Ligand code: G3H
């Protein structure tokens, strides 16, 4: 962009008429149902208006967030109903779903995927309108999710086929399979509302658990087109939805003791609070993706063009609203001036526009509280001696915030430790490697780190301590979750458990086994069970 000002940003918001036909929602979506026990139950109580991050020009010359629909605001009565339906469908492990064969569950999931794919364009549009993600990235999120689901089915077949045999040890015959855990409370984040939610919901379902699903605060309506598909593809009560303020219903559901797994992609503070609500916390398994403050360490011999390109992508893809985003750049003092100059020059080339525009990088944030937080963080850094070094950095109009490169960010500033989760790039210089390492070691977060450099000795020496601080060290590339077959985990306040196509299936299940003495009568009995198909667990069938 040329000159950045509040006015220039304001002009980027369209008039309602100027929104291209292909990007519009046919009509606002006023959701008045929730899925409970296989029924779409209607709701005539209070509702919440959904405001898009996208503002439109108003008659008075200002701009305002566009209304795109509304959804129910329920309470404890409704969350009890959703939870009870999930408990009933699980039926202490005797329900239709947990006792189905793996092949039957896979067939239901394949049916669901077909129905979901039929809704692609509406869901993609809703992702874009609800959270302001670019159209291209919204499409990518949908497609990546479907690929993840198909890969999960393949992984489950492999897992189950591997267990379709008996093992004999020390005179004992055993068959070991993975079995469900019970009722899963599933909550995803707003930044990847579909992908991250389904990265836990789908494996949880496939392993035979039943689910209560609470959509994220931003990114609720996009699940509306899937409610019928959930209802029709799975037995009743297997998936139930609740639309309510998390602080009201979630601690209440946990306090009931009826939830067996908490699957949350959110903040560590919330996770800690929720876990404590369970009356027998040892019974609660937690699968958590939490806070992160991934750093990039740029060494003096780094390929500067590459480092700038990757750091820019890492810091600003989806406006920095990724848990894996680079949220602190630690650059060697000898190159920091050159780095900042090139970084700011490349940043200035990024297109700031509405999410449907081709080639757009920077889009509006989900609400005015986000631009307010970004401003507060920058003001705090400025008051403590840092400055915004790129032209226009930190200028905003309503929800549209121009990225700010802040330097030098030091201990004691909000930006040094807080996860900004937005378009601010804090940069700090370092002289010796210990200082850079110390930043990571003393951090409360432990997800990933990036290192940029070319000396095998230095990189090697850095990798060894870093792999014991975080769960992925990226060499000369930004931090990221994918490919989804790789383990996605974190230490300290960043995660609990590991997610990946295969790890998630393990996270939502437990091994259970049958065992018998290796006697003639046991062999005959097991043989009869297998050949007469009297058990779904004891079988040697192969899923193709
Ligand atoms: O917000 C966290 C996402 O899982 C990050 O995924 O690295 O592929 O953007 P990503």
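In UniProt numbering, the protein residues as written are 1 to 544. C-beta: ideal position from N, C-alpha, C; glycine also. What you are looking at is a predicted structure, and each value in this text was computed from that prediction instead of being measured.
Cβ neighbours of residue 361 within its own chain (closer than 6 Å, five residues either side excluded): 350, 351. Per DSSP, the beta-bridge partners of residue 210 are 183. The segment 168-187 and the segment 258-274 touch, with no fewer than 3 CB-CB distances between them shorter than 8 Å. Remark: the shortest separation between the CB of residue 477 and any heavy atom of the ligand G3H does not fall under 6 Å.
The C-beta of residue 212 has 16 or more other C-beta atoms within 10 Å across all chains shown, which makes the residue buried. Taking residue 416 as the centre and dropping the five residues before and after it, the same chain places the C-beta of 328, 409, 410, 426, 428 closer than 8 Å to its C-beta, in chain order. Not one heavy atom of the ligand G3H falls within 6 Å of the beta-carbon of residue 152.
Looking at 355, 346, 307, 300, the one whose alpha-carbon comes closest to that of residue 391 is 346. Summarising the contact set, residues whose Cβ lies nearer than 6 Å to any heavy atom of the ligand G3H are, in chain order, 191, 192, 196, 322, 323, 324, 480, 481, 482. Residue 373 sits away from residue 389, with the two beta carbons spaced by 7 Å or more. Unbroken alpha helix (DSSP H) runs of no fewer than 4 residues, entirely contained in the segment 344-405, are found at 368-383, following chain order. The residues 487, in chain order, have a CB closer than 7 Å to that of residue 503 in the same chain once the five nearest residues on each side in sequence are set aside. In this structure, residue 454 keeps its C-beta atom at 7 Å or more from the C-beta atom of residue 291. Taking the Cα positions, residue 220 is about 20 Å away from residue 204.
Within the same chain, Cβ atoms closer than 7 Å to the Cβ of residue 359 are found at 351, the five residues on either side in sequence being excluded.
Collapsing the DSSP output to three states places residue 114 in a helix.
Going by beta carbons, residue 249 and residue 79 fall inside the 7 Å limit.
In the structure shown, residue 157 adopts helical secondary structure according to DSSP, grouped into three states. A direct Cα-Cα distance of roughly 10 Å separates residue 522 from residue 172. A contact between stretches requires three or more CB pairs, one per stretch, nearer than 8 Å, and the segment 240-254 meets this requirement with the segment 61-80. Contact check for residue 51 against residue 400 fails: the beta carbons are separated by 7 Å or more.
By the C-beta density criterion, residue 468 is exposed, having fewer than 16 other C-beta atoms within 10 angstroms. Around the beta-carbon of residue 306, fewer than 16 other beta-carbon atoms lie within 10 Å, marking it exposed. Within the same chain, and ignoring the five residues on either side of residue 237 in sequence, the residues whose Cβ sits closer than 7 Å to its Cβ are 37, 38, 85, 86, 88, 89, 210.
Nearest neighbour of residue 530 by Cα position, chosen from 93, 74, 166, turns out to be 166. Using a 10 angstroms sphere on the CB of residue 298, the tally of other CB atoms reaches 16 or more, which defines it as buried. 265 is the residue among 222, 532, 133, 265 whose C-alpha sits nearest the C-alpha of residue 197.
Within the model, the alpha-carbon separation for residue 139 versus residue 125 is close to 9 Å.
Shown here for residue 493: same chain residues with a beta carbon closer than 7 Å to its own, the five before and five after excluded, namely 268, 290, 291, 444, 445 in chain order. The DSSP-derived three-state label of residue 508 is coil.
The DSSP-derived three-state label of residue 318 is helix.
Per DSSP, reduced to three states, the secondary structure at residue 472 is strand. Counting every other CB atom within 10 Å of its CB across the protein chains shown gives residue 509 a total of 16 or more, marking it as buried. Residue burial is scored here from C-beta neighbours: residue 160 has at least 16 other C-beta atoms within 10 angstroms and is therefore classed as buried.
In this structure, the beta-carbon distance from residue 473 to residue 449 falls below 7 Å.
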